[in-house]
Amino acid sequence: MAGYQFADIEAKWQKYWEDHKVFQTPEVPDETRQKFYILDMFPYPSGVGLHVGHPLGYIATDIVARFKRMRGFNVLHPIGFDAFGLPAEQFAVEHGVHPRITTERNVGNMLRQLKKLGLTYDWDRVFSTTDPGYYKWTQWIFLQLYSSYYDPESRAARPIAELVEKIEQGRAGLDVEWDRLDAAEREEVLASHRLAYMAEVDVNWCPALGTVLANEEVTNEGRSERGNYPVYQRPLRQWMLRITAYADRLEDDLELVSWPEPIKMMQRNWIGRSEGALVDFPLDDGSDSIRVFTTRPDTLFGATYMVLAPEHPLVEKVTSAEQEAAIREYQRMAAGLSEVDRMADAKRKSGVFTGGYAVNPVNGERLPIWIADYVLMGYGTGAIMAVPGHDQRDFEFAKQFDLPIRIVVMPPAAWLGSKGVSKEDYEKNPEALKDVFDGDGISVNSSGSGVSLDGQPSDEAKRSISDWLEQTGQGRREIQYKLRDWLFSRQRYWGEPFPILHGPEGQIRPVDDDDLPVRLPDMEDFKPTASDDPDAPPRPPLGRATEDWRFVQIDGVRYERELNTMPQWAGSCWYYLRFIDPGNENQFVRPKLESYWMKPTGVDLYVGGAEHAVLHLLYARFWHKVLYDLGQVSTSEPFARLVNQGYIQAYAYRDERGVVVPADEVVDQDGRPASDVQDQSDRRYFWDGKPVRQEFGKMGKSLKNATGPDEVSTEYGCDTFRLYEMYLGPLEASKPWSTRDIIGVHRFLRRVWRNLVDEESDAMLVDDGPPTEALERAMHKTIKRVTDDLERLSFNTAIAALIEFVSEIVGLERIPRSIAERLVLLLSPMAPHISEELWRRLGYEETLGYEPWPTYDESMVAEEEITIAVQVNGKVRGSVTVAAQTPKDKVLARARAEENVARHLEGKTLRREIYVPRKIVNFVVQ
RNA sequence: GCCGGGGUGGCGGAAUGGUAGACGCAACGGACUUAAAAUCCGUUGGGGCGAUUGCCCCGUGUGGGUUCGAAUCCCACCCCCGGUACCA
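Under the numbering used here, the first residue of the first sequence carries the number 14, and numbering increases by one thereafter.
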């Protein structure tokens, strides 16, 4: 037996931890202890297994979990699998195997890989979103959404029964004659308020995937996020979730959470709140009016024309006979343009005059009405008032078609002066100042029909014009959102069935709670009906299920089940709640446990990739808020603190043809990478020895540059692997994988071992003598550094501190026991196996998972902080503050202060005085 | 274009107003060894002087500023990464 036998050690302790369920969190927690809920974004069970990039976040959370346990916290650290949805289903389709089977197999493989990393998840809490015991409650939550509505008065979700009550009492503020409506009509009214409702809307239809997709799942290029297939707009009757009702709360509450600023920003942009006003512009014949939305009602006097979206319903009405042909032509062209073409053409504005006119309500001016594709039907009202003096796009359009431009907001005179620009200059060329002048100006030329804004600053002008519009009934304040309701159904097999029945007259009936879950039927043919035809009808695979699944007889009525399934994101919207009480068959989570683990601000630390910024992270917040309103959970936000781990990147290689060459077939040839195919029968042998181009990218299958955790663990052990991944750099940063660097942390572990264990005799090299003062001091300093670094998730510097400390004990004949013990404890969150082994060899019976974290003595680490100041003629001219531990530090500080001042006062003499710690005046110049 | 993050040795990265480059890799020199691996010791931002110990100048994307003192704070610009895009 010699040296650090990591393979034996790791196998031994992993088995021990699993057999003794060391890291299991008790089902009912000890409420006297402080809790810490630390969560990873659970993975979908990929078929190809893990590469070294995946566990980065898992290792980080595991370190924190172990650290927090040692600091006395009651830790919940679970893992599960997001197994429904497109990726799992696509994998099954490709392999021609039922997704239930591939999912089970993949979950098994991933569990094996995760366990090999020594992660301290509570394995008894593992579940997949595909387990009927789980999706039963996903369906149940859906029914909560279905039977709730958003009450604007209390700004919260309430049971739909309360709405019925309000309507009956005439308090709902709805313009309906409830008593005279039949059941179907009543349901229609309710449907327009339910948080889950069916509606015929323009949806993103992806024929190649055979399903509809949510806005969040469609890329900028108008293609599917999964698979990159074309997506078309098309009206279909689908399930929707009324996430828009929560737009303002989703935006406001971002302030409550400690999330990375970029993620908050992405959510804000996605929600896209903008405050402004709705204004009605009557047509000049008075027959109708054009309603527009504007964020700049203070520029109403600057409107010089109107623009409708080409597909706006009023286009027909306002078009004059002579313009009709031109308008038709333009509409046809606009309809034919794809999103991409439209974007490519964004710089050049196009449009056509309709021949019609509208009247500006503030001054009675007749404004020509145009149509143009820079106005989108999908945002605001699909119509705008054009103010070319104060809007870039309107300005470009006006220039192109020679329409008048009017300035109605002027930068303050002082501001213009500071730029060396006159009022006239600005009027001549407002564009020149647009970039630097943000609109906080003073209204000018803004008087008309009984209202004047002249002289008012923009904010004030916005308020007074809004008041005037509201008083005269020509408009009102309005907040617009970019966020759309969430399209919630998919024409796919591998998802949660909806707990919904459709009656023969089209009535919707929720499945009784007692009949949940509605199980996904076992089907041989689960493949989606894909097509190249954008007009192909959606055919949900569940339509091919057996009749006894599809039809249900209740009270003599024959109902058909909803054939769509829920989208990928449904399961991940609430899984963090189920981990709290995973086995509960009667409730989705026990309230008592929920409030213990979630209060006061939700999951304490949530680690995962940034790619879910507007998908999972937004959807989960929405569901959570609904559950909160309904009294089912006790916090308004699910995740208190979020950290996005970076990607691990790796070099990838392409040959002259641009074909990817596997990274392990590349060799160094005179300092340049070259292809190295040994097998002569391989068709690629031709390229042997040819130079390849190096690039840098995300690790993965497509670049053939992935390294598996198993390979690393076999060669160096998983403790080394864990240390290496954390030592690469900050958790949040993307960083390059470099297999050759692994040796560094491996050497460190071997050094630890060698210094504590005699390689010959296998005996511990520790004694009970006291450490030297210097060593004890270094120990305290290290404890402080590691503790602070782990608190702020700076794993790389924590490890560096340990490496540094170990170099202090190198060469010591025997290590004082007290030092060895604390070193092992400090190391254990990061390298648990070697630590556990050393801990036992130090004579402890108990596993060190819950051993107390070592403490440090302030007086041992406190660095005396001294300030050295220099006075010249009674005036302080320089000072240096240093954290000094040795007299040498102090001398250095004094010398520096002196030097700094001397440099500025050449020729003068400095009189030196003694320094006094903390508040000092030391050098006096005369 | 707009929003957000960033730019420090050959490389990954430390340092958030006080000795820039911790720690690791790579590289070079040395010890041990028949040899190699492993291990250990030393050197390693650039330039110059002294060469025994030491000393000086320049250096954190570029240019300015604040300060006794700036990688760090402020202004302008350049470049890279991420998000987003005719959102009225």
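Idealized CB from N, CA, C, for every residue including glycine.
Terminal residues of the alpha helix (DSSP H) in which residue i lies
| i | result |
| --- | --- |
| A633 | H629 to D642 |
| P604 | P604 to M611 |
| G584 | It is not in any alpha helix (DSSP H) - G584 carries neither H nor E in the DSSP assignment. |
| V646 | No alpha helix (DSSP H) holds V646; DSSP gives it neither H nor E. |
| D801 | E786 to E804 |
| R522 | Where R522 is concerned, there is no enclosing alpha helix (DSSP H), although the beta strand (DSSP E) it sits in stretches over I521 to P523. |
| N87 | Taken as a continuous stretch (DSSP letters only), N87 belongs to no alpha helix (DSSP H), being part of the beta strand (DSSP E) at N87 to L89. |
| Y439 | K436 to K441 |
| H67 | Where H67 is concerned, there is no enclosing alpha helix (DSSP H), given that its DSSP letter is neither H nor E. |
| T810 | F808 to I822 |
| K28 | F19 to D32 |
| H846 | P845 to R854 |
| T727 | P722 to Y729 |
| V874 | E871 to V874 |
| L590 | Y588 to R591 |
Identity of the residues DSSP links to residue i by a beta bridge
| i | result |
| --- | --- |
| A385 | G364 |
| S237 | V231 |
| M253 | Y210 and L500 |
| P743 | Answer by DSSP bridge pairing: none, since P743 is not bridged. |
| V375 | Per DSSP, none; premise fails for V375. |
| Q246 | N217 |
| R406 | DSSP output for R406 lists no bridge partner at all. |
| P510 | T578 |
| A396 | L321 |
| Q484 | Per DSSP, none; premise fails for Q484. |
| L655 | Y619 |
| V770 | M777 |
| I455 | M423 and P470 |
| K748 | I661 |
| H515 | I521 and E573 |
| S465 | S460 |
Supposed contact pair residue j and residue i - C-beta distance, whole angstroms, cut 8 Å
| i | j | result |
| --- | --- | --- |
| L89 | E650 | Not really, about 17 Å apart at Cβ, beyond 8 Å. |
| L249 | E201 | Going by Cβ atoms, the distance from L249 to E201 rounds to 18 Å, so no, they are not a contact pair. |
| F19 | D754 | The Cβ separation is near 18 Å, so there is no contact. |
| R854 | V770 | 7 Å |
| F36 | T133 | 4 Å |
| N809 | G742 | 6 Å |
| K540 | Y392 | Not a contact, Cβ separation roughly 37 Å. |
| L130 | I72 | 7 Å |
| P845 | G782 | Wrong, their Cβ atoms sit about 28 Å apart, outside the cutoff. |
| A290 | R490 | 5 Å |
Endpoints, beta strand (DSSP E) assigned at residue i
| i | result |
| --- | --- |
| V570 | V570 to R574 |
| F564 | F564 to I567 |
| E491 | G488 to Q493 |
| S831 | Segment R830 to L840 is the alpha helix (DSSP H) holding S831; no beta strand (DSSP E) there. |
| K48 | K48 to D53 |
| Y162 | S161 to D164 |
### Message
Extract the residue ranges of the alpha helix (DSSP H) inside the region 260-342, only unbroken runs of 4 or more that lie entirely within it.
### Response
Look at the region 260-342 and you find these whole runs of alpha helix (DSSP H), each 4 residues long or longer: 260-265, 274-284 and 328-331.
#### Entry: Secondary structure, alpha helix (DSSP H): runs of 4+ residues fully inside the region 168-228
173-181 and 196-204
### Message
Would you call the region 373-388 in contact with the region 287-303, where contact means no fewer than 3 C-beta pairs closer than 8 Å?
### Response
yes
### Query
Three or more beta-carbon pairs under 8 Å between the region 457-471 and the region 300-316, yes or no?
yes
### Query
Which runs of the alpha helix (DSSP H), 4 residues or longer, sit entirely within the region 97-147?
99-108 and 112-128
### Query
Quick check: the region 598-606 against the region 517-537, are there 3 or more CB pairs under 8 Å?
no
#### Entry: Sufficient close CB pairs (3 or more, under 8 Å) joining the region 605-620 to the region 40-60
yes
### Touch test, the region 122-132 against the region 53-71, Cβ-Cβ under 8 Å, three pairs minimum
yes
### Task
Would you check if the region 784-800 and the region 835-844 touch, i.e. whether three or more CB-CB distances between them fall below 8 Å?
With a cut-off of 8 Å, the region 784-800 and the region 835-844 count as touching, because enough Cβ pairs lie within range.
### Query
If we count Cβ pairs, one from each stretch, closer than 8 Å, do we get three or more for the region 144-151 versus the region 587-598?
yes
### Message
Tell me whether the region 574-583 and the region 255-265 touch, counting them as touching only if at least three CB pairs, one residue from each stretch, are closer than 8 Å.
### Response
Contact fails: fewer than three Cβ-Cβ distances are below 8 Å.
### Task
Count the CB pairs spanning the region 163-183 and the region 638-646 that are closer than 8 Å, and state whether there are at least three.
yes
### Query
Just checking, does the region 313-327 make contact with the region 409-425 on the three C-beta pairs under 8 Å criterion?
yes
### Query
Does the region 717-729 touch the region 810-829, meaning 3 or more C-beta pairs lie closer than 8 Å?
no
### Task
Decide yes or no for the touch test of the region 218-226 against the region 193-208: beta carbon pairs closer than 8 Å, at least 3 of them.
no
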